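Going by our numbering, the sequence shown opens with residue 2, and the numbers climb by one from there.
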Amino acid sequence: MALATAGVLATHAAAALTFDDLEWLPGMTLDWDSKLALGAQVRVAPRNENFIGKSNLDPALCAPDACLSLSRNNLEPHERWMAAPGAAWQIGDEANLTHDRGDITSAVSRWRSHLNLQSRDGRWGVNLGWQVFYDRVLDRVDLAQPNLIVEEGPAPGVATSLRVPRTARDDNGTQFDLRVAHVYFRLPSFNDREIDVRIGRQHLNWGEALFAISGTLNFVTPVNFNNFFRPTMDLDEAVDPVAMINLQAPLTDGLSVEAFYQLEWRPYTLPSRGSLGSFIVDLGTDPENRGALTDDSFPLPFGKTPEDPQQLQRALTPVVGLISDSAASIPRLDNADPRSSGQYGVKFAYFTDNLLGGTEFSAFFANYHARLPAASFYAADATCAARESSATGQDAAAGPFPLGLINFLNACGRSVANPADVLALLQSLAGDDPKLVGEGFDALPLSSARVFLEYPEDIKVFGVGFNTAALGLSWTGELAFRPDHPFQVDLEDVFFTALQPIFPRNELALFPEEAAVLDPILALLGPIVGLPLDQIAGATFTDRRNALPDYLTAYRGGTPGEVAPGAYVRGYERFDYWQGSVGGTFIFGTERRYLGADQMAVIFELGATYVPGLPSLDVLQLDSLATTNTHFSPGIEETRDALKLNPFQNSRDGFPTRFAWGYKGAAIWSYDNIFMDGLRLRPQLILFHDVSGITPGLGGNYQRGRKIVLAGVNFNYRSTWNFAIDHFNFFGGGDGNRLSDRDFVNVAVSYQF
2 MALATAGVLA THAAAALTFD DLEWLPGMTL DWDSKLALGA QVRVAPRNEN
52 FIGKSNLDPA LCAPDACLSL SRNNLEPHER WMAAPGAAWQ IGDEANLTHD
102 RGDITSAVSR WRSHLNLQSR DGRWGVNLGW QVFYDRVLDR VDLAQPNLIV
152 EEGPAPGVAT SLRVPRTARD DNGTQFDLRV AHVYFRLPSF NDREIDVRIG
202 RQHLNWGEAL FAISGTLNFV TPVNFNNFFR PTMDLDEAVD PVAMINLQAP
252 LTDGLSVEAF YQLEWRPYTL PSRGSLGSFI VDLGTDPENR GALTDDSFPL
302 PFGKTPEDPQ QLQRALTPVV GLISDSAASI PRLDNADPRS SGQYGVKFAY
352 FTDNLLGGTE FSAFFANYHA RLPAASFYAA DATCAARESS ATGQDAAAGP
402 FPLGLINFLN ACGRSVANPA DVLALLQSLA GDDPKLVGEG FDALPLSSAR
452 VFLEYPEDIK VFGVGFNTAA LGLSWTGELA FRPDHPFQVD LEDVFFTALQ
502 PIFPRNELAL FPEEAAVLDP ILALLGPIVG LPLDQIAGAT FTDRRNALPD
552 YLTAYRGGTP GEVAPGAYVR GYERFDYWQG SVGGTFIFGT ERRYLGADQM
602 AVIFELGATY VPGLPSLDVL QLDSLATTNT HFSPGIEETR DALKLNPFQN
652 SRDGFPTRFA WGYKGAAIWS YDNIFMDGLR LRPQLILFHD VSGITPGLGG
702 NYQRGRKIVL AGVNFNYRST WNFAIDHFNF FGGGDGNRLS DRDFVNVAVS
752 YQF
């Protein structure tokens with residue numbers, strides 16, 4: 002990263018403790034350096050209610066009917082939902098609700114240490130590095146839950162708070178992290194050359210990208226976002242070392258080769274629950290670090306229902322409870338992690354001093370497994386109104402009232418032959434849990450679907466890079482090509498695909514809408530059933546293609562609406578993916594002083610991504626963090642059909658584009674012996690600007706209009722004491738930039754010895 006480049010210019014490592022010719026290990030040298038640090042983080046931006054789920058802002062909003070209608074013409078629940086403030090999703094607002102402006106969101110104390118034991122001639126040795134930290138805030142934080150189901154049955158959600166899960170505390174609260182542990186040695190090779198060998202957990206930096214994180218050639222060691230935002234972080238902690246075998250050897254005077262084989266697989270670490278940066282709670286990457294209580298589930302989209310991680314709630318509404326006991330959420334299975342084997346790569350580098358005074362060219366190939374997950378599903382069970390689960394073995398045939406109701410009842414385990422039988426059945430519905438369907442039948446088995454995270458395997462990457470010096474700058478560049486790279490399909494479309502079986506193939510009119518027909522029925526049923534039966538006027542069990550039309554089935558060559566119950570619904574598609582960047586570093590020394598600095602570094606990078614085979618939105622949509630979390634199909638707002646599940650059509654502006662680009666830059670000044678001898682002042686200003694387009698996926702590099710500004714100042718005394726304060730400002734990108742109200746300030750003090 003560019004900051005690491007600039008850091009070499011502006012800082013000097015403190016002297017480590019060095020022990021030569023150890024008595025207990027003759028001929029060995031031990032270098033040991035440590036750092037003690039204290040840091041705090043404060044949220045400085047006010048909460049934006051556009052990023053809070055509607056039912057979390059107002060738990061009473063959808064409590065009576067889940068803001069869903071059983072009648073095509075009853076638009077009141079939808080219009081009530083549309084008029085309310087808030088977001089059409091609720092899986093990413095927990096951190097926003099937990100931390101207010103001005104809160105201390107992290108208070109960490111940390112000891113980091115590195116030990117290098119090597120032979121006096123440097124031919125072999127052992128490297129160990131670790132950190133121990135305790136964060137008083139994140140180890141004890143209570144997670145805000147404004148609308149949580151806490152007891153089994155039909156009761157609504159309640160406002161409460163929950164202790165942060167244990168695995169989140171392990172990530173951000175209290176941790177011993179053995180980061181580096183490898184042995185290294187040299188082996189003889191041909192022509193008096195040697196092979197450098199490293200075995201164990203270690204860093205490996207590939208490629209020439211200065212700032213970009215995802216999609217570059219620097220993919221071997223995965224990003225750790227918890228470390229990235231933690232006060233007191235050191236730059237090399239932004240990525241997690243990986244256990245591997247690494248070989249480096251010169252082949253000729255200018256040509257060298259490097260190869261690795263990974264011994265373990267490690268994913269990206271997304272911000273853990275409780276931390277200010279957490280933005281996708283219910284799909285966290287750790288299968289144990291997920292649910293608000295002991296289990297976890299994926300909530301019904303669009304922010305209409307309470308959080309129900311344990312699936313305690315029975316039925317979306319009292320009327321829906323007549324035909325189903327399903328909870329309004331989907332259980333999550335354990336992650337499908339890839340195998341540790343099969344990850345390897347090779348790099349060839351050629352240096353020539355005949356071009357621009359010295360230029361290195363490099364070529365790369367690797368095979369690895371995804372570091373970021375895709376959300377996939379197993380399809381739900383079939384409704385009893387569909388032939389796969391019906392008592393008759395046939396789809397319930399369409400028909401007006403009362404024929405539609407008769408067909409529905411017969412399919413769902415109730416034997417009725419005529420309207421008189423139907424009326425007798427309705428009048429018999431007494432007790433605490435009346436049911437229109439027979440025992441063992443479920444007309445809307447929503448919670449029978451299952452969601453899980455999987456990491457696609459065998460991603461191949463080919464790349465080239467260069468670095469040189471010209472026009473007084475140090476230039477770098479790279480181009481990476483990944484054939485058949487996996488990208489997440491729009492999550493709502495995968496969800497709609499997995500839920501196809503819960504609706505019938507034919508639309509069934511269950512109750513009449515005309516008052517002249519309905520009122521006599523209500524007069525008979527009201528005192529018996531004890532339910533808000535006024536909601537059943539015009540009740541219709543719509544067909545699956547009207548309720549939740551998906552694009553994924555047709556894209557994969559299937560028949561729309563024909564998703565087999567329990568079928569695996571893969572959440573990703575593969576497309577060729579190009580990523581490129583070019584950057585430069587310019588260092589001003591004492592001969593050319595700017596703003597009075599003894600030293601100044603300016604770093605810039607221009608980057609782009611390209612997915613040439615990206616389908617048009619009318620064919621398939623890929624996911625990005627910029628979408629508004631509704632489906633791309635026309636919704637209730639566009640069609641005025643209240644039986645649809647999608648409230649409004651997702652804007653085209655939030656979906657990924659074939660091409661996206663942006664730039665990043667940093668300026669770092671160094672003032673030596675300021676105020677007193679040995680005191681160095683280092684201000685820095687960093688800007689990320691995504692100019693155009695949107696890169697697909699959870700970790701896409703570019704999101705149109707998004708900007709990040711980091712402004713900070715660092716005081717360093719004789720390379721031992723250090724004080725830093727940094728302000729992180731996230732803005733631009735509209736409501737698709739979900740961190741734009743998470744600005745924070747980090748303050749840290751450390752002592753290195």
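Backbone N, C-alpha and C fix where the C-beta goes; we use that ideal spot for every residue, glycine too. Please read these numbers as outputs of a predicted model, since none were measured by experiment.
Take Gly-679, set aside five residues on each side of it, and the residues of its chain with a beta-carbon closer than 8 Å to its own are Tyr-718 and Arg-719, in chain order.
In this structure, Arg-170 sits away from Asp-143, with a CB-CB distance that is not shorter than 8 Å. Ranking Lys-55, Ser-72 and Asn-49 by CA distance to the CA of Glu-514 puts Ser-72 first.
By the criterion of at least three beta-carbon pairs nearer than 8 Å, the stretch 603-623 is in contact with the stretch 547-557. For the set Thr-318, Thr-106, Asp-624 and Phe-497, the Cα lying nearest the Cα of Asp-654 is the one of Asp-624. At the C-beta level, Leu-58 and Glu-50 come within 8 Å of one another. With a threshold of 16 other beta carbon atoms within 10 Å, Ser-751 meets it and is buried.
With three or more CB-CB distances shorter than 8 Å, the stretch 100-110 counts as touching the stretch 226-239. Around the CB of Phe-220, 16 or more other CB atoms lie within 10 Å, so the residue is classed as buried. Beta bridge pairing from DSSP links Leu-454 with Ala-376. If you keep only unbroken alpha helix (DSSP H) runs of at least 4 residues inside the stretch 547-577, you get 553-556.
Boundaries of the alpha helix (DSSP H) around Ala-421: 420-428. By the beta-carbon neighbour count (other beta carbons within 10 angstroms, threshold 16), Leu-596 is exposed. Shortest Cα-Cα distance from Thr-631 to any of Gly-439, Pro-302, Asn-225 and Glu-77 involves Pro-302. Of the candidates Pro-435, Leu-98, Leu-69 and Asp-197, Leu-98 places its Cα closest to the Cα of Gly-54. Per the coordinates, the alpha-carbon of Asn-355 lies some 47 Å from the alpha-carbon of Ala-38. Between Leu-607 and Ser-634, the CB-CB gap reaches or exceeds 8 Å. Ala-169: not part of any beta strand (DSSP E); member of the alpha helix (DSSP H) spanning 167-173, first to last residue. Annotation: the continuous alpha helix (DSSP H) that includes Trp-82 extends over 77-84. Spanning the alpha carbons of Arg-180 and Gln-203 requires a straight line of approximately 8 Å.
A distance below 8 Å separates the beta carbons of Glu-361 and Asn-468. Approximately 7 Å separates the beta-carbon atoms of Tyr-345 and Gln-263; this is inside 8 Å, confirming the contact. The bridge partners DSSP lists for Leu-256 are Tyr-351. Taking C-alpha positions only, Phe-299 is separated from Thr-629 by approximately 17 Å. Sixteen is the threshold: since fewer than 16 other Cβ atoms of the shown chains lie within 10 Å of the Cβ of Gly-441, the residue is exposed. Looking only at Ala-444, Ser-341, Glu-508 and Gly-394, the smallest Cα-Cα distance to Pro-401 is reached by Glu-508. In the DSSP annotation of this structure, Ser-390 is not part of any alpha helix (DSSP H), being labelled neither H nor E. Inter-residue distance for Leu-256 and Val-347 is about 13 Å (C-alpha atoms, whole angstroms). Here Arg-274 is buried, its C-beta having at least 16 other C-beta atoms within 10 Å.
For the beta strand (DSSP E) assignment, the uninterrupted runs of no fewer than 3 residues enclosed by the stretch 670-702 are, from N- to C-terminal side, 680-693. Only residues of its own chain outside the window of five on either side were considered, and among them Ala-399, Leu-509, Ala-510 and Leu-511 have a CB closer than 7 Å to the CB of Gly-405, listed in chain order. Partner residues in the beta bridge of Ile-709, as assigned by DSSP, are Phe-689 and Phe-731.
Take Ile-105, set aside five residues on each side of it, and the residues of its chain with a beta-carbon closer than 8 Å to its own are Ala-41, Gln-42, Val-43 and Val-138, in chain order.
Taking Pro-657 as the centre and dropping the five residues before and after it, the same chain places the C-beta of Leu-623, Ser-625, Ile-695 and Pro-697 closer than 6 Å to its C-beta, in chain order.
When C-alpha distances from Phe-504 are compared across Pro-561, Leu-424, Ala-538 and Met-245, the shortest belongs to Pro-561. Nearest to Val-570 by alpha-carbon distance, out of Phe-453, Ala-667 and Asp-520, is Phe-453.
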